[in-house]
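To start, the structure under review is shown below, and the notes come after it.
In the numbering used here, the protein residues as written are 551 to 743.
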């Protein structure tokens, strides 16, 4: 609201400057003066209306984006296949205390190994998110910060996805691979299990 008053005050002072510098002619004939002021006033009001229309559009766009994000976060939290893949990743991934890098413990046997279907559903979930990111309906950085860690770790270590046919084939996993390849490497250097 404060910025609106500042904008209006700046526009009024611009109009006064234009009048006093004779850019907008100000004559002794009051009807001409009123016409000039009406045109300038209409111009100012249209600028203010456009400003508010843009502000309202941005608000609704952001609102829809947050609504979609919340929907996918709920789905992420509730999907049993995602929980199983996360548990599997956490059970297998461990922190190398010397170099602070996540490694794969080949001696450890996980208590549960997700099925190929569960792994593919996990990947499809992130493919859907990437499609929304490509269409500028979701913010990539928000998604990566909130839920991208496990997808990145799943992609980083082939032990997690070695049983999935054509994993690296762009024809089948184009959007998933696009998503996981956009995750910064340093984001995956710490564990969140």
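C-beta: ideal position from N, C-alpha, C; glycine also.
The structure displayed is predicted, hence computed values, not measured ones.
For residue 594 and residue 602, I'd like the C-alpha separation in whole angstroms.
Roughly 13 angstroms between the two C-alpha positions.
Would you call the CB atoms of residue 726 and residue 673 closer than 7 angstroms?
Yes, Cβ-Cβ distance for residue 726 and residue 673 is below 7 angstroms.
From residue 746 to residue 719, what distance separates their C-alpha atoms?
Outside the shown range of the chain, which is 551 to 743, sits residue 746, and nothing can be said about it.
Count the CB pairs spanning the stretch 610 to 627 and the stretch 689 to 700 that are closer than 8 angstroms, and state whether there are at least three.
The stretch 610 to 627, when compared against the stretch 689 to 700, does touch it at the 8 angstroms Cβ threshold.
Here's the rule I'm using: 16 or more other beta-carbon atoms within 10 Å means buried, otherwise exposed. How should residue 733 be labelled?
By the 10 Å Cβ count, residue 733 comes out buried.
May I ask you to report which of helix, strand or coil DSSP gives residue 664?
The answer is coil: DSSP assigns residue 664 none of H, G, I, E or B.
Over what stretch of residues does the alpha helix (DSSP H) that includes residue 738 continue unbroken?
Here residue 738 belongs to no alpha helix (DSSP H), and DSSP marks it neither H nor E.
Just confirm the distance between the C-beta atoms of residue 663 and residue 638, as a whole number of angstroms; I'd bet it's less than 8 angstroms.
About 6 angstroms separates the two Cβ atoms, so the contact holds.
So residue 670 and residue 634 are in contact, right, with Cβ under 8 angstroms, and what is the actual spacing, rounded?
That belief does not hold up - the Cβ atoms of residue 670 and residue 634 are roughly 12 angstroms apart, past 8 angstroms.
So is residue 597 buried or exposed if we call it buried at 16+ other beta carbons inside 10 Å?
The residue is exposed, with fewer than 16 neighbouring Cβ atoms inside 10 Å.
Where does the unbroken alpha helix (DSSP H) through residue 754 begin, and where does it stop?
A question about residue 754 goes unanswered here, because the residues of the chain that appear run from 551 up to 743.
Taking the continuous alpha helix (DSSP H) assigned at residue 718, which residues delimit it?
Taken as a continuous stretch (DSSP letters only), residue 718 belongs to no alpha helix (DSSP H), as it is neither H nor E.
What do you get for residue 713, buried or exposed, if any count of 16 or more other CB atoms within 10 angstroms of its CB means buried?
Exposed: under 16 other Cβ atoms inside 10 Å.
Have a look at 607, 735, 630, 605 and flag the residue whose alpha-carbon is nearest the alpha-carbon of residue 702.
With distances taken between Cα atoms, residue 702 lies closest to 735.
For a test of the three-state rule: what should DSSP assign to residue 732, helix, strand or coil?
In the structure shown, residue 732 sits in coil (DSSP, three-state: anything other than H, G, I, E or B).
Return the CA-CA distance between residue 629 and residue 604, expressed in angstroms with no decimal places.
Taking the straight line from one Cα to the other gives about 37 angstroms.
What does the Cβ neighbour count give for residue 704, buried or exposed, with the cut at 16 atoms within 10 Å?
Label assigned to residue 704: buried.
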